Amino acid sequence: MSTVLIKDLPAHIGQRVTVKGWLHQKRSSGKIAFLQIRDGSGFVQGVVVKDEVSDEVFHTAVGLSQETSIEIDGEVRQDERAPSGVELTIHQIAVVYASHDYPITPKEHGVDFLLDNRHLWIRAPRQRAILKVRAEIIKAIRGYLDSHDFTQVDPPILTPSSCEGTTNLFATSYFDEQAYLTQSGQLYMEAAAMALGKVYSFGPTFRAEKSKTRRHLLEFWMIEPEMVYVTHEESLVIQEQLLAHVVSHVLEHCSVELKVLQRDTSLLERVKAPFPRISYDEAIAFLQEQGHQITWGDDFGAPDETVIAKQYDRPVFIEKYPTEIKAFYMKPDPARPEVVLCADLLAPEGYGEIIGGSQRIDDPELLLARFKEHDLPEDAYAWYLDLRRYGSVPHSGFGLGLERTVAWICGLEHVRETIAFPRLLYRLYP
RNA sequence: UCCUCGAUAGCUCAGCGGUAGAGCAUCCGGCUGUUAACCGGAGGGUCGUAGGUUCGAAUCCUACUCGGGGAGCCA
3 MSTVLIKDLP AHIGQRVTVK GWLHQKRSSG KIAFLQIRDG SGFVQGVVVK
53 DEVSDEVFHT AVGLSQETSI EIDGEVRQDE RAPSGVELTI HQIAVVYASH
103 DYPITPKEHG VDFLLDNRHL WIRAPRQRAI LKVRAEIIKA IRGYLDSHDF
153 TQVDPPILTP SSCEGTTNLF ATSYFDEQAY LTQSGQLYME AAAMALGKVY
203 SFGPTFRAEK SKTRRHLLEF WMIEPEMVYV THEESLVIQE QLLAHVVSHV
253 LEHCSVELKV LQRDTSLLER VKAPFPRISY DEAIAFLQEQ GHQITWGDDF
303 GAPDETVIAK QYDRPVFIEK YPTEIKAFYM KPDPARPEVV LCADLLAPEG
353 YGEIIGGSQR IDDPELLLAR FKEHDLPEDA YAWYLDLRRY GSVPHSGFGL
403 GLERTVAWIC GLEHVRETIA FPRLLYRLYP
């Protein structure tokens, strides 16, 4: 008798198989017991009928407690009443290890309690579905980039200084020196792009911000592509094609999970390239029309972004922000030096910014001038300046925030559910 | 850092000046198609901590601790 994954059971109808997993939930009456079994690949209901098994097996079934690990021997049966279309008629049950007083009951729980029990919470159907979708999103991103001549390069996590200013960094000791956990691999990826052409990094980044909102984690994962001889406009095309590919991949491969999450997939089906583009100027004018207190030169707040994103049924690019409020490495628009060749991509439904990108400064003189304006230590950035001294080229890149993308595609209230063990303000356990 | 809400049984909550409550979970009993099953019974509490007001405080006041939502910052 072979061990079969629950997700593969529909291909074994009529066969006797072994399922190895855990008891998720149980209901029993005097002469019949229903066991909800999970094995990581899915959920299935096993039925134990008193008259059809030994007293010992029925007694075991009725006495099973939540999350007991079990090996089930049973026959796969088609059943219209089952959500997955199949059930298991149970013949034998072997208890691997018992479980007593499992904390997460089939009732509602508060966020604090669930986060304290995150190591167990991830067993829940909804959490499992989110982690599966996250994995598929990562697979889709890699699939797209790997098949479009990108090479993955891994930038360091321990860094000597910041990428975008010296605040909000997690510091750690590096023997006699101070080191910081990276908040972006971008500058290193620019160096890698000069070596390999089109590159991307995928890894964790860290921001010691005291943010307590549904869109923030202290540790989150970013995909950061960097591309040589690619302009700002060409970068936007790559961004929208990448994201459209990710959404269609998830729709194709995660229908079961999206159903568990009760996601309205009709909203996702509209996410096709090209995405609408508006300028920062247009966005400011629109917000002023809507009565927002904002003037040219201000950055957008979360409510501003939500109002703009709600105008569209797919993600929207906001381009060409004032040079003043953006990072030092962004290339000014040659036609209008007061704005830079950058764009943020806002997800629909109020999920906020999921991509930030720009064309980078390629002129060594201008970059040096920016260092001075921003009070950046030249010696720490000498290597970065070298990239402009030894065969500088026009190049662009962007950073895609994984957790916000997962939250949007899954339709979640909060990014804390998008990663197995979220790092939140003042929460480092488990 | 600021604004705002909260902390009572293992969990989710009610009680808001006069003897500590419910549902779920747990344990025991019943039930042949359950889907957060249902029915009966039992056990389960230093009401976040410290002080104050009062004849009397879970309840009112003060401080602190911890947590939720939001702002700023950002992906």
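Note that this note's numbering has the first sequence beginning at 3, numbered continuously upward. Idealized CB from N, CA, C, for every residue including glycine. Values in this document were obtained by computation on a predicted structure and should not be read as measured data.
Return helix, strand or coil for GLY65, following the three-state DSSP convention.
To locate residue 65, count along the first sequence from 1; it is residue 63. DSSP places GLY65 within a helical segment (H, G or I) once states are collapsed to three.
Only counting the same chain, and skipping five residues up and downstream in sequence, which positions put a Cβ closer than 6 Å to that of THR168?
For this step, residue 168 is matched to residue 166 along the first sequence. For THR168, the predicted structure reports a pLDDT of 48, less than 50, and the residue's modelled location is therefore unreliable. A value from the coordinates is still provided. There are no such residues.
When you compare only the Cα positions, how much space is there between GLN361 and TYR146?
Translated into positions along the first sequence, residue 361 becomes position 359. Translated into positions along the first sequence, residue 146 becomes position 144. Approximately 21 Å, taken between the alpha carbons.
Ignoring anything shorter than 3 residues, give me the beta strand (DSSP E) runs that lie fully in the segment 37-118, in order along the chain.
45-51, 71-80, 88-99, all fully within the segment 37-118.
Can you pull the DSSP bridge partners for CYS344?
Here the question's residue 344 lines up with position 342 in the first sequence. Note: CYS344 sits in a beta bridge opposite SER360.
Under 8 Å Cβ to Cβ from GLU110, same chain only, skipping five residues before and after it: list those, please.
Numbered from its first residue, the first sequence carries residue 110 at position 108. Counting only Cβ-Cβ distances below 8 Å, and skipping sequence neighbours, we find nothing.
Using 8 Å as the Cβ pair cut-off and three pairs as the minimum, do the segment 342-355 and the segment 308-324 touch?
yes
So, with DSSP's three-state summary, where would you put PRO127?
Counted from its first residue, the first sequence places residue 127 at position 125. Helix, per DSSP.
Closest by C-alpha distance to SER394, when choosing among TRP410, GLY187, TYR231
As a working mapping, residue 394 is identified with position 392 in the first sequence. The shortest Cα separation from SER394 among TRP410, GLY187, TYR231 belongs to TYR231.
Determine the burial state of MET229: buried for a count of at least 16 other Cβ atoms within 10 Å of its Cβ, exposed for fewer.
Translated into positions along the first sequence, residue 229 becomes position 227. By the neighbour-count rule (16 or more Cβ atoms within 10 Å), MET229 is buried.
With DSSP as the reference, identify every bridge partner of LEU25, one or two as the case may be.
Here residue 25 corresponds to residue number 23 of the first sequence, with the count starting at 1. Per DSSP, ILE39.
Measuring alpha carbon to alpha carbon, tell me which of VAL55, VAL248, PRO396, ARG217 ends up nearest PRO334.
By one-based count along the first sequence, residue 334 stands at place 332. Of the candidates VAL55, VAL248, PRO396, ARG217, the one whose C-alpha sits nearest the C-alpha of PRO334 is PRO396.
In whole angstroms, what is the alpha-carbon distance linking PHE423 and ALA337?
Indexing the first sequence from 1 puts residue 423 at position 421. Indexing the first sequence from 1 puts residue 337 at position 335. Their backbone Cα atoms lie some 46 Å apart in a straight line.
Could you compute how far the alpha carbon of THR70 sits from the alpha carbon of THR174?
Here residue 70 is taken as the residue at index 68 of the first sequence, counted from 1. Here residue 174 is taken as the residue at index 172 of the first sequence, counted from 1. Near 41 Å, if we compare the C-alpha coordinates of THR174 and THR70.
Going by beta-carbon coordinates alone, are VAL417 and HIS218 separated by less than 8 Å?
In the first sequence, counting from the first residue as 1, residue 417 sits at position 415. In the first sequence, counting from the first residue as 1, residue 218 sits at position 216. Yes. Within cutoff.
Who pairs with ALA173 in a beta bridge, going by DSSP?
As a working note, residue 173 is residue 171 in the first sequence. Looking at the DSSP assignment, ALA173 forms a beta bridge with TYR182.
Taking the alpha carbon of SER203 as the point to measure from, which residue in LYS212, ALA210, ALA193, GLU211 has its own alpha carbon closest?
Against the first sequence, residue 203 aligns to sequence position 201. Closest by alpha carbon: ALA193.
Out of GLU58, ILE34, ARG390, state which residue places its alpha-carbon closest to the alpha-carbon of GLY436.
Outside the shown range of the chain (3 to 432) lies residue 436, about which nothing can therefore be said.
Starting from the C-beta of PRO108, find all residues in its chain whose C-beta is less than 7 Å away, skip the five residues before and the five after it, and write them out in chain order.
Residue 108 sits at position 106 when you count from the first residue of the first sequence. So the qualifying residues of the chain are GLN27.
Looking at PRO227: is its Cβ nearer than 8 Å to the Cβ of GLY399?
Position 225 of the first sequence, counted from the start, is the residue given in the question as residue 227. Position 397 of the first sequence, counted from the start, is the residue given in the question as residue 399. Result yes, Cβ atoms of PRO227 and GLY399 sit closer than 8 Å.
Report back the beta-carbon spacing between GLY76 and THR62 to the nearest angstrom; my notes put them in contact at under 8 Å.
Taking the first residue of the first sequence as position 1, residue 76 is located at position 74. Taking the first residue of the first sequence as position 1, residue 62 is located at position 60. About 13 Å separates the two Cβ atoms, so there is no contact after all.
Unbroken alpha helix (DSSP H) runs of length 4 or more, entirely within the segment 241-309: which are they?
257-262, 267-271, 282-291
Best match in LEU183, ASP151, LYS22 for proximity to GLN94 [C-alpha to C-alpha]:
Along the first sequence, read from residue 1 onward, the residue named residue 94 stands at position 92. It is LYS22.
8 Å contact criterion, which SER30 and VAL51 should meet: CB distance rounded
Position 28 of the first sequence, counted from the first residue, corresponds to residue 30. Position 49 of the first sequence, counted from the first residue, corresponds to residue 51. Contact between SER30 and VAL51 does not hold, since their C-beta atoms are separated by about 11 Å, which reaches or exceeds 8 Å.
Just the Cα atoms here: how many angstroms apart are VAL59 and LYS212?
Counted from its first residue, the first sequence places residue 59 at position 57. Counted from its first residue, the first sequence places residue 212 at position 210. Their Cα atoms are separated by approximately 54 Å.
Strictly by DSSP, which residues pair up with ALA349?
Taking the first residue of the first sequence as position 1, residue 349 is located at position 347. According to DSSP, ALA349 bridges with GLY354.
Looking at the structure shown, is TYR202 part of a helix, part of a strand, or coil, going by DSSP?
Along the first sequence, read from residue 1 onward, the residue named residue 202 stands at position 200. TYR202: strand per DSSP, three-state reduction.
Under the rule that 16 or more other beta-carbon atoms within 10 Å means buried, what is ASP178, buried or exposed?
Counting from one through the first sequence, the residue named residue 178 turns up at place 176. By the neighbour-count rule (16 or more Cβ atoms within 10 Å), ASP178 is not buried but exposed.
So what does THR207 bridge to, in DSSP terms?
Within the first sequence, residue 207 is the residue found at index 205, counting from 1. DSSP, once it has assigned bridges, lists PHE222 as partnering THR207.
Spatial neighbours of ALA122 within its chain, please: C-beta separation below 7 Å, excluding the five flanking residues on both sides.
For the purposes of this step, residue 122 is taken as residue 120 along the first sequence, with counting starting at 1. The sequence given here has Leu at residue 122, not Ala. Once the five neighbours on either side are set aside, the close Cβ partners of LEU122 are PRO105, ILE106.
Where MET191 falls: helix, strand or coil (DSSP)
In the first sequence, residue 191 corresponds to position 189, counting from 1. MET191: helix per DSSP, three-state reduction.
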